[in-house]
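Engineer:
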Amino acid sequence: MKLNRKDILGIQELSVEEINLILDTADSFIEISTREIKKVPTLRGKTIINLFYEASTRTRTSFEIAGKRLSADTINISASTSSVVKGETLIDTAKNLEAMNPDVIVIRHSAAGAPHMLAGLLRQSIINAGDGAHEHPTQALLDMMTIRAKKGGIAGLKVAIVGDIAHSRVARSNIHGLTKMGAAVFVAGPATMIPRDIEKMGVVVHTRIEEAIREADIIMMLRIQTEREKQNLFPSLREYAQYFSLNRKNIGLARKDVLVMHPGPMNRGVEISPDIADGPHSIILDQVTNGVAVRMALLYLLTGGNS
Amino acid sequence: MNLLLKGGRVVDPFRKADGVGYLMIENGKIAGSGRELHRAGKGGGKGAPPDMEVLDLRGKIVVPGLIDMHTHLREPGFEYKETIASGSEAAVSGGFTSIACMPNTNPVNDNRSVTEFIRRKSAECGLANVYPIATISRKSEGKRLSEFWDLKDAGAVGFSDDGKPVMNAALMRRALEYASSLSMPIIAHCEDRNLSADGMMHEGFVSTEIGLPGIPGVAEDVMVARDILLAEFTGAPLHIAHVSTAGAVRLIREAKARGVRVTAETAPHYFTLTDEAVRTFDTATKVYPPLRGAEDRAAIREGLRDGTIDVIASDHAPHARTDKEVEFDYAASGLTGLETSLALSLRLVEEGILTLPDLIEKMTVNAARILRIPKGTLADGADADITVIDPEREWTVDRELFRSRGKNTPFHNWTLKGKAVLTIVGGGIRCRDC
Numbered sequence: 001m002k003l004n005r006k007d008i009l010g011i012q013e014l015s016v017e018e019i020n021l022i023l024d025t026a027d028s029f030i031e032i033s034t035r036e037i038k039k040v041p042t043l044r045g046k047t048i049i050n051l052f053y054e055a056s057t058r059t060r061t062s063f064e065i066a067g068k069r070l071s072a073d074t075i076n077i078s079a080s081t082s083s084v085v086k087g088e089t090l091i092d093t094a095k096n097l098e099a100m101n102p103d104v105i106v107i108r109h110s111a112a113g114a115p116h117m118l119a120g121l122l123r124q125s126i127i128n129a130g131d132g133a134h135e136h137p138t139q140a141l142l143d144m145m146t147i148r149a150k151k152g153g154i155a156g157l158k159v160a161i162v163g164d165i166a167h168s169r170v171a172r173s174n175i176h177g178l179t180k181m182g183a184a185v186f187v188a189g190p191a192t193m194i195p196r197d198i199e200k201m202g203v204v205v206h207t208r209i210e211e212a213i214r215e216a217d218i219i220m221m222l223r224i225q226t227e228r229e230k231q232n233l234f235p236s237l238r239e240y241a242q243y244f245s246l247n248r249k250n251i252g253l254a255r256k257d258v259l260v261m262h263p264g265p266m267n268r269g270v271e272i273s274p275d276i277a278d279g280p281h282s283i284i285l286d287q288v289t290n291g292v293a294v295r296m297a298l299l300y301l302l303t304g305g306n307s
Numbered sequence: 001m002n003l004l005l006k007g008g009r010v011v012d013p014f015r016k017a018d019g020v021g022y023l024m025i026e027n028g029k030i031a032g033s034g035r036e037l038h039r040a041g042k043g044g045g046k047g048a049p050p051d052m053e054v055l056d057l058r059g060k061i062v063v064p065g066l067i068d069m070h071t072h073l074r075e076p077g078f079e080y081k082e083t084i085a086s087g088s089e090a091a092v093s094g095g096f097t098s099i100a101c102m103p104n105t106n107p108v109n110d111n112r113s114v115t116e117f118i119r120r121k122s123a124e125c126g127l128a129n130v131y132p133i134a135t136i137s138r139k140s141e142g143k144r145l146s147e148f149w150d151l152k153d154a155g156a157v158g159f160s161d162d163g164k165p166v167m168n169a170a171l172m173r174r175a176l177e178y179a180s181s182l183s184m185p186i187i188a189h190c191e192d193r194n195l196s197a198d199g200m201m202h203e204g205f206v207s208t209e210i211g212l213p214g215i216p217g218v219a220e221d222v223m224v225a226r227d228i229l230l231a232e233f234t235g236a237p238l239h240i241a242h243v244s245t246a247g248a249v250r251l252i253r254e255a256k257a258r259g260v261r262v263t264a265e266t267a268p269h270y271f272t273l274t275d276e277a278v279r280t281f282d283t284a285t286k287v288y289p290p291l292r293g294a295e296d297r298a299a300i301r302e303g304l305r306d307g308t309i310d311v312i313a314s315d316h317a318p319h320a321r322t323d324k325e326v327e328f329d330y331a332a333s334g335l336t337g338l339e340t341s342l343a344l345s346l347r348l349v350e351e352g353i354l355t356l357p358d359l360i361e362k363m364t365v366n367a368a369r370i371l372r373i374p375k376g377t378l379a380d381g382a383d384a385d386i387t388v389i390d391p392e393r394e395w396t397v398d399r400e401l402f403r404s405r406g407k408n409t410p411f412h413n414w415t416l417k418g419k420a421v422l423t424i425v426g427g428g429i430r431c432r433d434c
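Those protein sequence lines, which keep their order, are chains A and B.
So the first sequence is numbered by our numbering: it starts at 1 and just counts up by one.
So the second sequence is numbered by our numbering: it starts at 1 and just counts up by one.
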């Protein structure tokens, strides 16, 4: 089976079949990263540009490693070193890159919709590596891959997503993906961080973490950005940590075999206590490992590979 | 040149006239109208005088020259977006004989020189009548009043810090009081900047899904409520610009019912589109106030129907390609409206929300009354500002054919019905078969 689309812009437009295809392909790539020689010639001669307009360690490195393990040539451009600082528009930058004939352009941008704009203009495949508070499809795919691997499936699971839902592209992409795959999704956070009409996306809304994580199979904690305090979305980090963190006390409300996830970077002691982050329920580093495989799968499928 | 327009349906809401008949124009003024020409004194029963051009307008609608009381002509300062000349061409092309232009130019229109410049420039163009609106506050900074008397004497017809809401309630109070002593309207851009903050679209399900920061409807509502209370307290007339929310419509309806001197306008995009249009991240859909939810659009339509909303104005906001061909976050807000406003508004008639005379009233005499300009009627002796509409003409919006420099429209490639085919200003044909 082939992935019949030029770009990966979001989970919203992916079908269940497409998600399964990507996850199956990713599963088959996992083994490459465990070899002594972690490289296959699959994408030799292909060029992948990572165009990052926002700071990123995990995602950018993950894409770069994914490309290199498939023998593609990968180039990283970050906003501070590009012509953006000279005032060039995104469209001009992208058209210049297009003129050098890469095969895939991976873009992260603080503006929602920026990857969509490029997808409409360029003949290359575009992968959205995070656009504003809109979508982060590769994160949701690696999360679903990790859940599937650990739980044997996604359908029927109770997943709680806790934190700043309003500003989280990870939450949006996961809500799209997990509900499509048949999970029951619960979101929780202070009412200031729950965006309007989110329940229309098929989730149950709570304003207390305790209610959301009760009997949960999976708990996904979201990073709290400290600047939200200035916008009065919460009074203080101290209070947030007290009432919305996942800790040894409240994790007991979830199922005994609950798995704890976090897209990173973590604020230890704010949204998640260190003993939970490092504890037996945590699969946070498995997420990172699987991220490489998911990105390998996408690069492979978008450049014409079969599953 | 003298003109005889005959055979068209003449609709003049000011006189409550509506019927097939003729209209005679002599020396730039309306010289008579009626059902049949021989009843008119000037025709003498022998038909048109020999020096008259006679236009057969069977199947067409003849209305007072349309008035758009909310446009941005960008000159001085932003000529790369629009000029008084290109904006005037867009106006007459869209069927508008009179337009009012907002003061957010560079320099802003907060002084006699800029007002006079706009008047002189537009007179040189000789197309549409252009009425400058001056700022409420100096530099539109929201701190100190502009010189209202001097601006009025220079030709300003109202005051607005359009685009920059007057956040200081005390300043708004004094502006209303001072302007009312001049019989001049305050035109309020109602938006609480703290609530709208860094929002880029309507806050609702669509913004939640696509992750763009939202502007809640209540950001408009609280300012509409405040300004209505200030108008009630001062007894001064208040005009609310570009109403976009159900809450604002309700507040204005209630205020009118208890006798507050408040009038209101909305723009075609608010009764045509919803926030669903933003899903494509097309920057042509970025506008302040933002395209709202379906329930807001329904309320705007009801407000038009029941008379809560007095005026349709386009909020014509032309921008250059460079302002719009960027990420949604960085795109300028506003859309160009003069050349689509009439056809989009005629859809309200097609859909049975407004009668044709009601629609024409909202696009002519109501705006004239608010701005106190001697326009908006086909009565004998009035300036011969006339728009002839072909209600059956189907056309496809092509932004490249706009006379406006601003090609920023979300209606590109829409097929619309109804078009101005003749625009007459002061007795002169300014646009024929436009």
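We put the CB at the ideal spot given by N, CA and C, even for glycine.
The alpha helix (DSSP H) spanning tryptophan 149 of chain B covers which residue range?
Structural biologist: Taken as a continuous stretch (DSSP letters only), the alpha helix (DSSP H) holding tryptophan 149 of chain B covers 148-154.
Engineer: Could you give the DSSP three-state label for glycine 291 of chain A: helix, strand or coil?
Structural biologist: Here glycine 291 of chain A sits in helix by DSSP.
Engineer: Could you have a look at glycine 8 of chain B and say whether DSSP puts it in helix, strand or coil?
Structural biologist: Here glycine 8 of chain B sits in strand by DSSP.
Engineer: With DSSP as the reference, please indicate the residues paired to serine 33 of chain A in a beta bridge.
Structural biologist: The partner list for serine 33 of chain A (beta bridge, DSSP) is empty, contrary to what the question assumes.
Engineer: Considering just the uninterrupted stretch of the beta strand (DSSP E) at tyrosine 80 of chain B, what are its terminal residues?
Structural biologist: That residue, tyrosine 80 of chain B, is in no beta strand (DSSP E); it is neither H nor E in DSSP.
Engineer: Go through its chain and collect everything with a Cβ distance to arginine 144 of chain B's Cβ below 7 Å, but skip five positions before and after it.
Structural biologist: These residues qualify, in order along the chain: Ser137 and Arg138.
Engineer: Could one say the Cβ of glycine 418 of chain B lies closer than 9 Å to chain A's Cβ atoms, at least one of them?
Structural biologist: It does not: the Cβ of glycine 418 of chain B has no partner Cβ on chain A nearer than 9 Å.
Engineer: Assign cysteine 434 of chain B to one of three DSSP states: helix, strand, or coil.
Structural biologist: Note: cysteine 434 of chain B maps to coil in three-state DSSP.
Engineer: For lysine 200 of chain A, return the contacting residues in chain B, with the cut-off set at a CB-CB distance below 7 Å.
Structural biologist: Result: Phe205.
Engineer: What residues from the stretch 81-109 of chain A come within 9 Å of chain B, judged by C-beta to C-beta, listed N to C?
Structural biologist: The residues in question are Thr89, Leu90, Ile91 and His109.
Engineer: Report back the beta-carbon spacing between valine 365 of chain B and phenylalanine 14 of chain B to the nearest angstrom; my notes put them in contact at under 8 Å.
Structural biologist: Between phenylalanine 14 of chain B and valine 365 of chain B the Cβ distance is about 4 Å, and since that is below 8 Å, they are a contact.
Engineer: My parser needs the alpha helix (DSSP H) runs of 4 or more residues fully inside the stretch 224-296 of chain B; what are they?
Structural biologist: DSSP runs (the alpha helix (DSSP H)) wholly in the stretch 224-296 of chain B: 246-257 and 268-272.
Engineer: Taking its Cβ as the centre, do 16 or more other Cβ atoms sit within 10 Å of glycine 337 of chain B, making it buried, or is it exposed?
Structural biologist: Classification of glycine 337 of chain B: buried, given that the 10 Å Cβ count is 16 or more.
Engineer: Can we say the stretch 230-240 of chain A touches the stretch 278-286 of chain A, given the rule of at least three CB pairs closer than 8 Å?
Structural biologist: Because the criterion of three Cβ pairs below 8 Å is not met, the stretch 230-240 of chain A and the stretch 278-286 of chain A do not touch.
Engineer: Residues of chain A with a CB under 8 Å from the CB of glycine 34 of chain B: which are they?
Structural biologist: Here the premise fails: no neighbours, minimum Cβ distance about 56 Å.
Engineer: Keeping to the same chain, check which residues put their C-beta closer than 6 Å to that of arginine 74 of chain B; ignore five residues upstream and five downstream.
Structural biologist: Closer than 6 Å at the Cβ level, and outside the excluded window around arginine 74 of chain B, lie Lys81 and Glu82.
Engineer: Inspect the beta-carbon positions of arginine 393 of chain B and glycine 418 of chain B and report whether they are closer than 9 Å.
Structural biologist: The answer is yes: Cβ separation under 9 Å.
Engineer: Reducing DSSP to helix, strand and coil, say where valine 54 of chain B ends up.
Structural biologist: Strand.
Engineer: With H, G and I counted as helix, E and B as strand and the rest as coil, what does DSSP make of leucine 66 of chain B?
Structural biologist: Reduced to three states, the DSSP call for leucine 66 of chain B is strand.
Engineer: If we count Cβ pairs, one from each stretch, closer than 8 Å, do we get three or more for the stretch 263-282 of chain B versus the stretch 327-347 of chain B?
Structural biologist: Contact between the stretch 263-282 of chain B and the stretch 327-347 of chain B is present, because at least three Cβ pairs lie under 8 Å.
Engineer: Going by C-alpha to C-alpha distance, which of A:Phe244, A:Glu135, A:Phe234 and A:Ile218 sits closest to arginine 108 of chain A?
Structural biologist: Nearest C-alpha to arginine 108 of chain A: A:Glu135.
Engineer: Kindly list the residues whose CB is nearer than 8 Å to the CB of aspartate 385 of chain B, restricted to its own chain and excluding five residues on each side of it in sequence; keep chain order.
Structural biologist: Closer than 8 Å at the Cβ level, and outside the excluded window around aspartate 385 of chain B, lie Pro64, Gly65, Thr97, Ser98, Asn129, Lys375, Ile424, Val425 and Gly426.
Engineer: Can you list the alpha helix (DSSP H) stretches of 4 or more residues lying completely in the stretch 98-178 of chain A, in chain order?
Structural biologist: Within the stretch 98-178 of chain A, the complete alpha helix (DSSP H) runs of at least 4 residues are 114-121 and 137-151.
Engineer: DSSP on proline 190 of chain A, reduced to helix/strand/coil?
Structural biologist: Looking at proline 190 of chain A - three-state DSSP - the assignment turns out to be coil, as it is neither helix nor strand.
Engineer: Name, in chain order, the residues that DSSP records as bridge partners for histidine 202 of chain B.
Structural biologist: B:Ile215.
Engineer: In whole angstroms, what is the alpha-carbon distance linking leucine 14 of chain A and aspartate 221 of chain B?
Structural biologist: So the two alpha carbons sit approximately 38 Å from each other.
Engineer: Residue range of the beta strand (DSSP E) that arginine 393 of chain B falls in?
Structural biologist: Segment 386-396, the beta strand (DSSP E) holding arginine 393 of chain B.
Engineer: If glycine 292 of chain A sits next to isoleucine 126 of chain A, beta carbons under 8 Å apart, how far is it from one beta carbon to the other, in whole angstroms?
Structural biologist: The sequence shown places valine at residue 292 of chain A, not glycine. Actually they are not in contact, since the Cβ atoms of valine 292 of chain A and isoleucine 126 of chain A sit about 20 Å apart, beyond 8 Å.
Engineer: Would you identify the three-state DSSP class for isoleucine 283 of chain A, choosing helix, strand or coil?
Structural biologist: Three-state DSSP puts isoleucine 283 of chain A in coil, outside helix and strand.
Engineer: In chain A, which residues lie less than 8 Å from leucine 212 of chain B when you measure between Cβ atoms?
Structural biologist: The answer, in chain order, is Ala112, Gly113, Gly132, Ala133 and His134.
Engineer: If you run the structure through DSSP and keep just helix, strand and coil, what is valine 326 of chain B?
Structural biologist: Correct three-state label for valine 326 of chain B: coil.
Engineer: Are the stretch 408-418 of chain B and the stretch 367-382 of chain B touching by the rule of at least three beta carbon pairs closer than 8 Å?
Structural biologist: No, they do not touch.
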